[in-house]
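**Q**
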Amino acid sequence: MGTWNSAVSYRLTQPFRIEAVEREIKRERPDDVLVRPRLTGVCASDLKLYAGTRDRRALSKKLPMALLHEGVAEVVESGMAASHVRPGSRVVVVPNVPCYIAYPDLYPSRAEGCLACRPGGAGENYCLHNLYLSSNTDGLAQSVFRHPAALLVPVPSELPDRIAALTEPLTTILAGCEKAPIRPEGRYLVLGNGPLGQLVAICLAGMYQVPRAAIAMSGHDWGNRRAAMSLVGDALDGDDPQSFANLRGKIDIVFECVGGEANGETLEETVECLRPGGTAVLFGPSEKSVLLNTREMIGKGLTFLGCNRSFVPHFQTVLERLKEPLVQKLLEAVLSPEKFLVRSADDLNRALYHAWTKREAGKALIAWAGPE
0 MGTWNSAVSY RLTQPFRIEA VEREIKRERP DDVLVRPRLT GVCASDLKLY AGTRDRRALS
60 KKLPMALLHE GVAEVVESGM AASHVRPGSR VVVVPNVPCY IAYPDLYPSR AEGCLACRPG
120 GAGENYCLHN LYLSSNTDGL AQSVFRHPAA LLVPVPSELP DRIAALTEPL TTILAGCEKA
180 PIRPEGRYLV LGNGPLGQLV AICLAGMYQV PRAAIAMSGH DWGNRRAAMS LVGDALDGDD
240 PQSFANLRGK IDIVFECVGG EANGETLEET VECLRPGGTA VLFGPSEKSV LLNTREMIGK
300 GLTFLGCNRS FVPHFQTVLE RLKEPLVQKL LEAVLSPEKF LVRSADDLNR ALYHAWTKRE
360 AGKALIAWAG PE
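Numbering (numbering that gives the first Met the number 0), first residue to last: 0 to 371.
1. Taking Cβ positions, are ALA360 and GLY193 nearer each other than 8 Å?
2. In the structure shown, what three-state DSSP assignment does THR52 receive?
3. Specify, as a first and last residue, the run of the beta strand (DSSP E) that PHE303 falls within.
4. Excluding sequence positions up to five away, which residues of its chain have a Cβ less than 8 Å from the Cβ of MET0?
5. Using the Cα positions of HIS219 and ILE172, report the straight-line distance between them to the nearest angstrom.
6. Looking at C-beta atoms only, is the number of pairs between the region 144-153 and the region 44-60 that lie closer than 8 Å three or more?
7. Output yes or no for whether 8 Å exceeds the beta carbon distance between ILE365 and VAL41.
8. Can you give me the Cβ contacts of ARG247 inside the same chain, cut-off strictly under 7 Å, excluding the 5 residues immediately before and after it?
9. How should THR2 be labelled, buried or exposed, when 16 other C-beta atoms within 10 angstroms of its C-beta is the threshold for buried?
10. Check whether the region 59-66 and the region 154-172 touch, using three or more Cβ-Cβ pairs below 8 Å as the test.
11. Using a Cβ cut-off of 8 Å (strictly closer), state whether ASP239 contacts chain D.
12. What residue from ALA121, SER8, TYR187 and GLY78 has the CA that sits closest to THR278's CA?
13. DSSP state of THR2, grouped into three classes?
14. Shorter than 7 Å, the distance from the beta carbon of GLN315 to the closest heavy atom of the ligand ZN, or not?
15. Express the C-alpha separation of PRO97 and VAL341 in angstroms, rounding to a whole number.
16. Quick one: is ALA179 buried, meaning 16 or more other Cβ sit within 10 Å of its Cβ, or exposed?
17. Is DSSP giving GLN13 helix, strand or coil here?
18. Tell me, please, which residues DSSP counts as bridged to TRP367.
19. Go ahead and label GLU23 buried or exposed: buried means 16 or more other beta carbons lie within 10 angstroms of its beta carbon, across all protein chains shown.
20. Cα separation between VAL280 and GLN13?
21. Under a Cβ-count criterion, where at least 16 other Cβ atoms within 10 Å of its own Cβ denotes burial, should LEU290 be classed as buried or exposed?
22. Grab me the residues of GLN208's own chain with a C-beta within less than 8 Å of its C-beta, minus the 5 sequence neighbours each way, in chain order.
23. Please report the straight-line C-alpha distance between TYR99 and THR316, rounded to a whole angstrom.
24. Tell me whether LEU38 is buried or exposed, calling it buried when 16 or more other Cβ atoms sit within 10 Å of its Cβ.
25. Nearest-angstrom Cα distance between SER5 and PHE310?
26. Consult DSSP for PRO153 and reduce its assignment to one of helix, strand or coil.
27. Within 10 angstroms of its Cβ, does ASN245 collect 16 or more other Cβ (buried), or is it exposed?
28. Ignoring anything shorter than 3 residues or poking outside the region 200-258, list the beta strand (DSSP E) runs there in chain order.
29. Which value, in whole angstroms, describes the spacing of the CA atoms of ASP238 and ILE17?
30. Select from PRO36, PRO29 and SER8 the residue whose C-alpha is nearest the C-alpha of ALA164.
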């Protein structure tokens, strides 16, 4: 099929270096849709690539690549089979492209997909042979890009971009909560009070109606995290092991939202705080292997669940819940006050550098200039 248009990809070529690369966009399938980013969120995984803190082998394998996988886009042109999206409409981009969509020649249908995607499998968010934006293929940091229509979810008209841009991280949290699962009468501990931890607390309070007194959260610099403090009964000092003393053996579900260098410490706190039969939902990955107290884990009969991706049904559910005024009000407090508009590679580099070095606790958002 013919070329639709030309576009610019803002690719990370090495740590702290963004370069603009012009390229052609070719429509390959009838359900392909041409979209442009409107407002994107910055994930910690993007920042690890940007700052070069990932393993060197991972960096050499992934780069050069356009970053960002959270955000709202606008439809520029839709294909013949894309009946649910029209030019000018706003959509949230599902970054997870499962095997049967990414590689239809190898996996002609979902029923013939990988073990995760097949009916009865773990689900597309655990696909073994997927493409994932800003992980193993270019992300949203492009002037225009092509995406399958089935992986574009319309944004309700009453949702502002700044709220809809938080959909993807909330879908990941929802996917983890579904597996846990959440009960209003349970007790919960969120390890980490950064943007992800704050979004977990909002999900528990706003979407599952978990009372404030049943949520504890550990972290640092609480003075900059008023939104989180308003949602949790116990704000724990992450540097003080004694702050966990009253929670040991009493927590039903722990959400690990830290990862990285501190992962060994947070997993130890997880095992100590969970009650017998409790569950840990792990959102924060580590770049290195960590030690785990398997004796106590086995003795308590604990369950550990990993979750850092989601799929279309999670997006549909979250977008519906985001219509609720209370949820929107809670989410507003998580957003960073800083504003960035990308017209060039330098603009994006400044925005990402700020997100990497900023002191405030808010979630960084990046706006994208439309066609002139």
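Note that the Cβ used here is the ideal one computed from N, Cα and C, for glycine as well.
As the structure is a computational prediction, the values presented were derived from the model and not from experiment.
**A** Here's the rundown:
1. yes
2. coil
3. 302-305
4. Low confidence applies to MET0: its pLDDT is 41, below 50, so where it sits in the model is not reliable, and the reading given next is rough at best. Correct list, in chain order: LYS25, ARG26 and GLU27.
5. 21 Å
6. no
7. yes
8. GLU271 and CYS272
9. Because THR2 sits at a pLDDT of 46, beneath the cut-off of 50, its placement in the model cannot be relied upon, and the point is left open.
10. no
11. No chain D is present in this structure, which holds just one protein chain.
12. TYR187
13. Interpretation of THR2 is limited by its pLDDT of 46, a score under 50 that renders its predicted location unreliable; the figure taken from the coordinates is listed afterwards. In this structure, THR2 counts as strand in the three-state DSSP scheme.
14. Absence of the ligand ZN from the depicted structure is noted, as is the absence of any ligand whatsoever, leaving it without description.
15. 29 Å
16. buried
17. strand
18. VAL341
19. exposed
20. 32 Å
21. exposed
22. PRO183
23. 23 Å
24. buried
25. 29 Å
26. strand
27. exposed
28. 214-218, 233-236 and 250-255
29. 35 Å
30. PRO36
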